[in-house]
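First comes the structure, then the notes that go with it.
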Amino acid sequence: MSNASHQNPALLDVTEVSKAFGSVEVLRSVSLQVTRGEVVTIIGPSGSGKTTLLRCVNFLESYDSGSIRIDGKEVGYRETGTRQRRSERDLAAMRAETGMVFQSFNLFPHLTAAGNIMLGLRKVRGKSNAEARTIAEHWLGRVGLAHKADSLPAELSGGQQQRVGIARAVAMEPKILLLDEITSALDPELVGEVLEVVRSLAEDGMTMLMVTHEMAFARDASSRIVFMADGGVSAVGPPAEILAAGFDNERLRSFLARFRASHF
Amino acid sequence: MLSQIIYALPFLAEGFAVTLWVSLLVVVLSLIAGVLMGVGLVYGPFPLRWAVRIFSDTIRGIPILVLIFFVYYGLPAVGLHLESFWAAVFALTLFKTAQVVEYLRGAVGSIPKGQSEAAMAIGLTFRQRLVYVIFPQAFRRFLPPWINGVTDAVKGSALVSLLGITDLMQAINQVIGRTYEAMPLYILGALVYFAVNYALSLASRRLERRFSFIRE
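And the structure:
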């Protein structure tokens, strides 16, 4: 593993990142690498810092110490050694390199499905209206919503909205896609259509870091699973290993036992 | 009675033009200043938020008449001499700006945080987030109280007559001073103010309907 990552340096390199909200330590010296084309899933009990970690990767949250690099470039802070926050313009440019899909979709309600996707393409990527429209239609087709291009979010089901959310993120051609519990707000019968889209993106080699409670999906789609507890990484490994009943980690075993008890 | 109104009309028309001009200046200037300060109040660093908060609370706590007299009679003491017209426009603009700040804060504050985050996540800068994501959504909530404020500005502009400016109100008083017929002229004046404000609120209702498709 260490040998492999040596040859193929990590696309995302999180090193000893810590963060506290007041006196509550939400991240304790978290380290995590994601290589190009990998799908890494973070699991763990609520309050374990999964979502906070994900939000630090595109600097929706700042972090107190440690470093997060994407493609070798430090996220959020200038590389002057003084931990100076990057300029607004710099931060925006860096965020455009990471796609994010949210639990509550967060589509722009005043724009159509196509309009949601086109906004970043036009204003950040500088595409013309026609180019942006073509790309938006391509991605809407990919997520099975070609016929909904001109619908407003309020006219779409939750599953459809989330598929637009995914299309909006990937249309920007990010280096890495961050998925934050993207099926948690959906009715159970709509979860499948969203996960199917994620699966097909994984097959295309999209690098992904996701937080999910869908264990079956995590097992099938991930290259590695990270188990977080109390703000730290408690276990990392291939899904078959991490989710095996006999894995040598007390916290993980009790988390999975509780999880199975409540979900099956 | 009709003859008195016909006699008065040319005088009133001139006054009415002044009323509209004062209102327009106040509305446009306060919109610009209020939106800028409101953005500072919502997104600015602590000292700026604090400064805008104090400005808004202070101005809104002072009767508008006191503000007008303060600007016209008070400010010359510190070396700021304004012509009566500009003193009135300045005082009314201060007053209206403080209100616009609050309308903007309320409207922008009603947009869920996830909207800003989604806009950040696709790489929009602060200015782009405001222009393309936040303001279009906030507009619908900003509009009704703001139009209300515009009608207040038109009505409030009558106070400039107290500095001797010949607006509609002052023109009415001048005509009454010559004809000693108060009732028909005050009714006429009331109708003119009402017509302007009623037209504004009709326009507001049409605009609101136009933007009602935005649901969360």
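Same order as they appear, the protein sequences are chains Y and L. Throughout the first sequence, residue numbering follows our numbering, covering 6 to 269 in sequence. Throughout the second sequence, residue numbering follows our numbering, covering 2 to 217 in sequence. For glycine and all other residues, C-beta sits at the position ideal for the given N, C-alpha and C.
Checklist entry - So V28(L) is in the beta strand (DSSP E); what residue range does that whole segment cover? => result Note, V28(L): premise wrong, no beta strand (DSSP E); alpha helix (DSSP H) at L3 to Y44.
Item to check | beta strand (DSSP E) runs wholly inside the segment 100-169 of chain Y, at least 3 long, in chain order | outcome: 103-106
Next on the checklist: Does the CB of Q138(L) have a neighbour CB from chain Y at under 8 Å?
Outcome noted: yes
Item to check | Beta-carbon proximity list for L16(Y), same chain, < 7 Å, skipping 5 on both sides | outcome: V39, T40, R41, I75, D76, K180, I181 and T212
Item to check | L206(Y) Cβ short of 7 Å to the ligand MN heavy atom set | outcome: Summarising the ligand content, the structure contains no ligands, and the ligand MN is consequently not present.
Checklist entry - Y181(L) by DSSP, collapsed to three states: which one? => result coil
Next on the checklist: For L65(Y), would you say it is in contact with chain L, using Cβ-to-Cβ distances shorter than 8 Å as the test?
Outcome noted: yes
Next on the checklist: Taking beta-carbon pairs under 8 Å, can you tell me which members of the segment 115-135 of chain Y lie near chain L?
Outcome noted: H115, L124, G125, K128 and V129
Checklist entry - How would you write the range of the alpha helix (DSSP H) that T302(Y) sits in, first residue to last? => result Outside the modelled stretch of chain Y, which goes from 6 to 269, sits residue 302(Y), for which no answer is possible.
Checklist entry - So L81(L) is in the alpha helix (DSSP H); what residue range does that whole segment cover? => result First-last for L81(L): undefined, no H or E at that position.
Next on the checklist: Measuring only the C-alpha atoms, how far is R61(L) from I166(L)?
Outcome noted: 24 Å
Checklist entry - Does the segment 97-108 of chain Y touch the segment 141-149 of chain Y, meaning 3 or more C-beta pairs lie closer than 8 Å? => result no
Next on the checklist: Let me confirm a value: F195(L) is counted as buried when at least 16 other C-beta atoms fall within 10 Å, else exposed. Which label applies?
Outcome noted: exposed
Item to check | Rounded Cβ spacing between L59(Y) and V216(Y) (contact assumed at less than 8 Å) | outcome: 6 Å
Checklist entry - V134(L) versus chain Y: which residues are under 7 Å apart at the beta carbon? => result F113
Checklist entry - Within 8 Å (strictly less), CB to CB, does L105(L) reach chain Y? => result no
Checklist entry - Using a Cβ-Cβ distance under 8 Å, would M105(Y) count as near chain L? => result yes
Checklist entry - Near D18(Y), what residues of its chain come up, given a Cβ to Cβ distance below 6 Å and the 5 sequence neighbours on each side ignored? => result Q38 and R74
Checklist entry - L125(L) touches chain Y at which residues, Cβ-Cβ below 8 Å? => result A97, L124, G125, K128 and V129
Next on the checklist: For a test of the three-state rule: what should DSSP assign to D185(Y), helix, strand or coil?
Outcome noted: strand
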